[in-house]
Amino acid sequence: MNWVSENIALIGTLVLLGANILLLFPSTGRKSGIPGFLLLPVTVAGLGWVFLQPTGDLVRDLLFYMASGTAVLGGLLMTTQRNPVYAALWFAVATLGVCGLFVINSAPFLAAVTIIVYAGAIVVTFVFVIMLAQQEQGSGYDRIPQQPFLATVLGCLLVGTMLLGIEKTFGPDSSRLSVDRTALHVSSLPVENDLGSPGGVGRSLFTDYLFAVELAGTVLLVATIGAIAIAPRRPQGSL
Amino acid sequence: MSQPDAAMISSVTSAAGKVIPELVLLGTVCINFLVGPFLVTPSGRALPGLRHRWGGIAIAAICTALYLWWTGSTEVVTTGPFRVDNIVWYVRGVMLIAALLLVLVNWSQIEDGKAAESHACLLAITAGVNLVALANDLTTLFLALELISIPTYLFLFLPRKDAATQEAGVKYFLLSVFSSAIMLYGFSLIYGMAGTTDLPAIQTALANSNQTPVLAILGMVFVVAGLAFRLTAVPFHFYAPDVFQGSAASGAALLSFVPKLAGFIALIRLLEPVVDAAPGLLLADVMLPMLWWLSVITMFVGNFLGILQNDLRRMLAYSGVAHVGYMLVGLNVGHHTTSVPDGIEALLFYLAVYGLMTIGAFAVLIAAERDNKPLETLDQLAGLHRVRPGLALMLMVFMFSLAGMPPTAGFLAKLNLFFAAWAQGDVSNRWLALFMVINAAMGSWYYLRVVGAMYLREPLDEHHGSHAPAPIIASVACTAMVITLFFVPTWLWTMVQTVRSS
């Protein structure tokens, strides 16, 4: 009970989040999603109130609230959309929000790559697959979630566990694990302000992670040739 | 050129020198992929007999790698992108020999037009397993595991005889991708906690921490869940019977051993730094009870469901699940190095023996195939000893070995695990040892049913099946090793014992 009263704000927000997701889920009986949408700003504001402490830097705080709010909102709407195309587009919005967070945390290269890979390539692939595979009205499992309650409870439990873990590790009353960088084998670990820049990433990729890059190349080679090898052939030849 | 750059280049070249056997394998993969398409017609047909050449090339590549492995240096290196120690030496040997057997098993299972890609996938998987053992970094470890998964999808999908094969391939693909994502999530949490992907550095970070590393625990739970899919540990086993039943027998033989070997090596590698570094925090509170339950549930569910099966490959899939439960016992007691025999040593011994007996069993099933149709039900084995007495004898040896009866190596492997769990002394581990004995007794029911069908029932017809040499060579080799290892276990045991001494 002591633990519950200590973390009452966290539990309350998670319950609010879960209820909101349940309201937003498409279902057979209820046609209107208005209550869910009305609750949405409250949920996002609640999440912000519990987990975000202002740092004092007004511009940074404002940008942070905008980026993280976009990400959370995009994620919520992505999971609850009835139409898969809209879900793919909300996924792109959520990714853009996350990229904003990367930029604020001075990782411009990561942000650019994430936009190119996720918002560019992956969403386009999603939309292609949906266009090619979608029948009229979409199939049943696309329209109605099968286990909405169980899925929401489990998802919120997972989120709660992760949040507690992160708070215990990085929160105000924790002593963060410190890595003794001299113990690393890496000889060219980028200096702190070089960490997220293209130069820093490139240097680290092609020195410390050279073999990992080569290995990734091998995996991609196998995957590419394999995709051709398993493609069905027509009797008259030509793929 | 400045001094740091020169040092960097020399460290890169010295690291490349540690993976020469894998480079040979991956080079052959490239040759197969590049040359293969030119030897088939546009509609995918090839000259009959082409598969013998591709099989020969695969054997040559693996033998070269075996030679390089045997003559290579055994110097222990723990820093740098690759870690070379006695576990690597042992895993390389086991995997290369298993790959030889799998090439033989796969020989007649693949069409001539697809032999190049199929054997290339097998070689890539072999290199991947070795790289899992070599990996000294979370990134390399993940990529090495993917170098196993992606060729495995192809390997399962390439025979593509009917809808069941395709369904099995797609099912394995989806669940494997899902498990990789879970594992990667765990890796990212560990990275977020420690700030580095380097395994020795993570170990140092955890050893220096003065509080419970909550994120590391969460991360490890995800990683163990992701790897449990590869191991087919309960509750992540549900895909195994369907996939085994649907794929070609060579694919099932591969799945029954290789992902389990890779999964256990990855677990040993990951648990070592993450668990050993903070005794009393991680090990005692979360990881050990989790592994304990995983082991017990896996054993019981595997054997219970195994008893209910009539399909041979489903039965062998559940038998694999049960054996993973036994091997998890070794992992459970492996972190108390005081006991003799050590749990990890018993686990590594068991892995090698399990590989021999399960690949051997599938080789016999392939050799007993009729009209290139895989054997499905137990009834098709009825009276095998009248029609093919040699095959029946060999399958009996493998079934006895899987059940853990003398005079086979499977008996010694189980005995080692039992002693490791018993000698460790904790009450919970003694319970594990007892559960193992109960399960071994339960398991022998369905293994002996196979033997009974072969020896006590009349054959349904007088069909002799094929006499293709490759699977017969593989099964004879497996039988010889399974029996020899019972009488001279020290050959393997001395190799296993070097693992902990480093």
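Protein sequences appear in the order of chains A and B.
The first sequence begins at 716 in our numbering and counts up by one.
The second sequence begins at 2 in our numbering and counts up by one.
Every residue gets a Cβ at the ideal spot worked out from N, C-alpha and C, and that includes glycine.
Cutoff 8 Å; reference residue i; Cβ partners in own chain excluding five residues on either side
i, result
"residue 262 of chain B", "92, 95, 96, 99, 130, 352 and 356"
"residue 1 of chain B", "Since the displayed chain B opens at 2 and closes at 503, residue 1 of chain B lies outside it and no answer follows."
"residue 419 of chain B", "434, 437 and 438"
"residue 153 of chain B", "122, 126, 173, 177, 255, 256, 259 and 260"
"residue 939 of chain A", "none"
"residue 898 of chain A", "Since pLDDT at residue 898 of chain A reaches only 46, below the 50 mark, its modelled position is unreliable, and no value is offered."
"residue 903 of chain A", "Because residue 903 of chain A sits at a pLDDT of 45, beneath the cut-off of 50, its placement in the model cannot be relied upon, and the point is left open."
Residues near residue i by beta carbon distance below 7 Å, same chain, minus five either side
i, result
"residue 271 of chain B", "224"
"residue 25 of chain B", "62, 65, 66 and 69"
"residue 209 of chain B", "none"
"residue 350 of chain B", "414, 417, 493, 494 and 497"
"residue 740 of chain A", "795, 860 and 863"
"residue 841 of chain A", "803"
"residue 312 of chain B", "246, 377 and 378"
Continuous alpha helix (DSSP H) stretch holding residue i: start and end
i, result
"residue 236 of chain B", "First-last for residue 236 of chain B: undefined, no H or E at that position."
"residue 288 of chain B", "No alpha helix (DSSP H) contains residue 288 of chain B, which DSSP labels as neither H nor E."
"residue 801 of chain A", "799–819"
"residue 412 of chain B", "410–425"
"residue 20 of chain B", "Taken as a continuous stretch (DSSP letters only), residue 20 of chain B belongs to no alpha helix (DSSP H), as it is neither H nor E."
"residue 867 of chain A", "863–885"
"residue 776 of chain A", "773–795"
"residue 720 of chain A", "717–721"
"residue 345 of chain B", "344–368"
"residue 335 of chain B", "No alpha helix (DSSP H) contains residue 335 of chain B, which DSSP labels as neither H nor E."
"residue 688 of chain A", "Nothing about residue 688 of chain A can be read from this structure; chain A reaches only from 716 to 954."
"residue 918 of chain A", "913–920"
"residue 401 of chain B", "390–404"
"residue 937 of chain A", "925–945"
Beta-carbon proximity list for residue i, same chain, < 6 Å, skipping 5 on both sides
i, result
"residue 815 of chain A", "782"
"residue 375 of chain B", "250"
"residue 238 of chain B", "322"
"residue 514 of chain B", "Because chain B is modelled from 2 through 503, residue 514 of chain B falls outside the range shown and cannot be assessed."
"residue 150 of chain B", "177"
"residue 408 of chain B", "487"
"residue 189 of chain B", "none"
"residue 102 of chain B", "360 and 475"
"residue 810 of chain A", "833 and 834"
"residue 736 of chain A", "867"
"residue 484 of chain B", "none"
Any non-hydrogen atom of the ligand COA closer than 6 Å to residue i Cβ
i, result
"residue 750 of chain A", "Judged by which ligands are present, the structure shown has none, so any question about the ligand COA falls away."
Q.
Any C-beta of chain B within less than 8 Å: which residues of the region 789–814 of chain A qualify?
A. none
Q. What residues in the region 425–437 of chain B bring their beta carbon closer than 7 Å to a beta carbon of chain A?
A. none
Q) Listed in chain order, which residues of the region 912–928 of chain A have Cβ atoms closer than 7 Å to some Cβ of chain B? A) 922, 924, 925, 926 and 927
(Q) Closer than 8 Å is the cut-off here; do at least three beta carbon pairs connect the region 222–232 of chain B with the region 248–258 of chain B? (A) no
Q.
What are the residues in the region 176–200 of chain B lying within 9 Å of chain A by C-beta distance?
A. 190, 193, 194, 195, 196, 197, 198 and 199
**Q.** Secondary structure, alpha helix (DSSP H): runs of 4+ residues fully inside the region 31–119 of chain B
**A.** 51–72 and 87–107
Q: Assess, as a yes-or-no matter, whether the region 69–78 of chain B is touched by the region 44–61 of chain B under the definition of 3 or more beta carbon pairs within less than 8 Å.
A: no
Q: Pick out the complete alpha helix (DSSP H) segments inside the region 452–491 of chain B, 4 residues or longer, and give them in chain order.
A: 470–488
**Q.** Cβ contact check for the region 295–308 of chain B and the region 156–175 of chain B: 3 or more pairs under 8 Å
**A.** no
(Q) My parser needs the beta strand (DSSP E) runs of 3 or more residues fully inside the region 137–179 of chain B; what are they? (A) none
Q) Taking a cut of 9 Å between CB atoms, which residues from the region 817–842 of chain A lie near chain B? A) none
Q: Take every Cβ of the region 866–885 of chain A, pair it with every Cβ of the region 725–739 of chain A, and state whether three or more of those distances are shorter than 8 Å.
A: yes
Q) Is the region 376–387 of chain B touching the region 451–470 of chain B, taking contact as three or more C-beta pairs under 8 Å? A) yes
Q) Do the region 468–488 of chain B and the region 101–109 of chain B touch if we need at least three Cβ pairs shorter than 8 Å? A) yes
Q | Within the region 182–224 of chain B, ranges of the alpha helix (DSSP H) (whole runs, at least 4 residues) | A | 200–209
Q) Taking Cβ-Cβ distances below 8 Å as the criterion, which residues of the region 286–301 of chain B are in contact with chain A? A) none
Q: State whether the region 5–16 of chain B contacts the region 133–150 of chain B, with contact taken as three or more CB pairs (one from each stretch) at a distance under 8 Å.
A: no
Q: Could you name the residues of the region 155–173 of chain B whose beta carbon sits closer than 7 Å to any beta carbon of chain A, in the order they occur along the chain?
A: 155, 158 and 159
Q) Of the residues that make up the region 860–872 of chain A, which ones have a beta carbon closer than 8 Å to any beta carbon in chain B? A) none
Q: Check each residue of the region 53–72 of chain B: if its Cβ is closer than 9 Å to any Cβ of chain A, include it; give the result in chain order.
A: none
**Q.** Members of the region 140–154 of chain B that neighbour chain A once the beta carbon cut-off is set at 8 Å
**A.** 140, 141, 144, 145, 147, 148, 151, 152 and 154
Q) Of all the residues that make up the region 768–783 of chain A, which are near chain B by a beta-carbon distance shorter than 8 Å? A) none
**Q.** Within 7 Å of chain A by C-beta, residues of the region 361–386 of chain B in sequence order
**A.** none
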